[in-house]
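Chains as they are written, first to last, in UniProt numbering: chain A, 1 to 173; chain B, 1 to 173. Built from N, CA and C at the ideal position, the CB exists for glycine as well. Quick caveat: nothing in here was measured; it's all calculated off a predicted structure. Have a look at the structure below before the remarks.
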DNA sequence: GATAAAGTGTGACCTAAATCACGTCAGTGG
DNA sequence: CCACTGACGTGATTTAGGTCACACTTTATC
């Protein structure tokens, strides 16, 4: 997917470099960009009324990340995005994305494909949350993202799976 | 959105009429179409190993429904779709959808928009499942789909919210 | 290299929601 | 018209997982 960036796509994209713990998107502020991750590991998460964090998505190399609602509807973010490792991204505004699609119609198809794949993954996650218990969801996660899990503390995996740190700890035997 | 169907879109779409209880998609069989609902009410649901059903989506007038994974990846369905009321749909194959996009490039943008909106809704549902309790999810559902809820038995609402029939009953006071 | 901050395991206890088991009522279809 | 099925409410009991509290280890940070 990196070969995706060989032309002068950089007319449309910019390069961003970020440090571990740095925020890229913050709740209640605008969301000007989608990011394509070149290097590093990020997460998007929601902080509820009681102050608990819930991880919606991780993003490592070659993944895309943003607060979709904020970005596409041009609203303030409901999510936060921060770096779990030092990171580098290529980012693009909504306007530039649209212009890129005009300049290169194949890109629209590409984004549609991306979005469709994302949809399928989200639907599966919903069904997983509704039909599987903690252990099953954990095993499924290991199986789906064997490479990701090595870079994540279990606390964060728990927060992604919707279970408590302690419960996850007891699962791992 | 109905005005969407005024040209000779019917070169691409077909008309389907179905009875209450009739299945449109069945687990383990191909998923040749996406359906645009003209009249009636359908649901897609997943049946887990223990035999419990989990509703992924409802679809009433002007909504689209299919098993995304089956349809876009051209695999067998993992979901079922059936009619909760007598229904009429316009349906289209993947091939025809692609040809429609070629003939009318605006359609591709339209589908991308649809998919993006769907994505946002799915992400919110995941966060809701992870951060809200039964009552909060129920209240949110009433607020999001006031028109839908009148046409649905509570048993099905419970199955959509990921809670038991009995728990939902006790919430309603 | 010392101090602080994350990450992890584990016991004790609590609670939201599931499960099981009834009973009632309305709609439908032979 | 009667029998069956689905919708709904409600009590009693169980249980998966959350919460709280503590100890220990590893990793950052000045």
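Got a sec: is the Cβ-Cβ distance from residue i to anything in chain B below 9 Å?
i: residue 54(A); result: yes
i: residue 108(A); result: yes
i: residue 27(A); result: no
i: residue 1(A); result: Unreliable positioning characterises residue 1(A) in this predicted model, as indicated by a pLDDT of 49, which lies under 50. The coordinate reading is nonetheless provided below. Output row for residue 1(A): interface = no.
i: residue 33(A); result: no
i: residue 84(A); result: no
i: residue 112(A); result: yes
i: residue 76(A); result: no
i: residue 162(A); result: yes
i: residue 16(A); result: no
i: residue 116(A); result: yes
i: residue 91(A); result: no
Between the alpha carbons of residue i and residue j, how many angstroms are there, rounded?
i: residue 167(A); j: residue 141(A); result: 15 Å
i: residue 16(B); j: residue 52(B); result: 29 Å
i: residue 29(A); j: residue 76(A); result: 5 Å
i: residue 106(A); j: residue 31(A); result: 25 Å
i: residue 147(B); j: residue 149(A); result: 42 Å
i: residue 112(A); j: residue 33(B); result: 18 Å
i: residue 95(A); j: residue 115(A); result: 18 Å
i: residue 24(B); j: residue 108(B); result: 25 Å
i: residue 2(B); j: residue 66(B); result: Low per-residue confidence applies at residue 2(B): pLDDT is 48, beneath 50, and the placement is therefore not dependable, though the value from the model is reported in the following sentence. Each residue's alpha carbon lies about 19 Å from the other.
i: residue 46(A); j: residue 152(B); result: 30 Å
i: residue 130(A); j: residue 11(A); result: 44 Å
i: residue 62(B); j: residue 157(A); result: 38 Å
Taking CB distances under 9 Å as the criterion, tell me whether residue i reaches chain A.
i: residue 155(B); result: no
i: residue 101(B); result: yes
i: residue 96(B); result: no
i: residue 105(B); result: yes
i: residue 80(B); result: no
i: residue 68(B); result: yes
i: residue 120(B); result: yes
i: residue 145(B); result: no
i: residue 46(B); result: yes
i: residue 60(B); result: no
i: residue 23(B); result: no
Measure how close the beta-carbons of residue i and residue j come, nearest whole angstrom, since I'm counting them as under 8 Å.
i: residue 126(A); j: residue 126(B); result: 6 Å
i: residue 135(A); j: residue 171(A); result: 5 Å
* For the segment 124-136 of chain A, enumerate the residues whose C-beta is nearer than 9 Å to any C-beta of chain B, in chain order. => 124, 125, 126, 127, 129, 130, 131 and 132
* Decide if the segment 99-114 of chain B is in contact with the segment 37-46 of chain B; the criterion is three or more beta carbon pairs, one per stretch, under 8 Å apart. => no
* To do: Inspect the CB distances between the segment 44-60 of chain B and the segment 154-168 of chain A and report whether three or more fall short of 8 Å.
  => no
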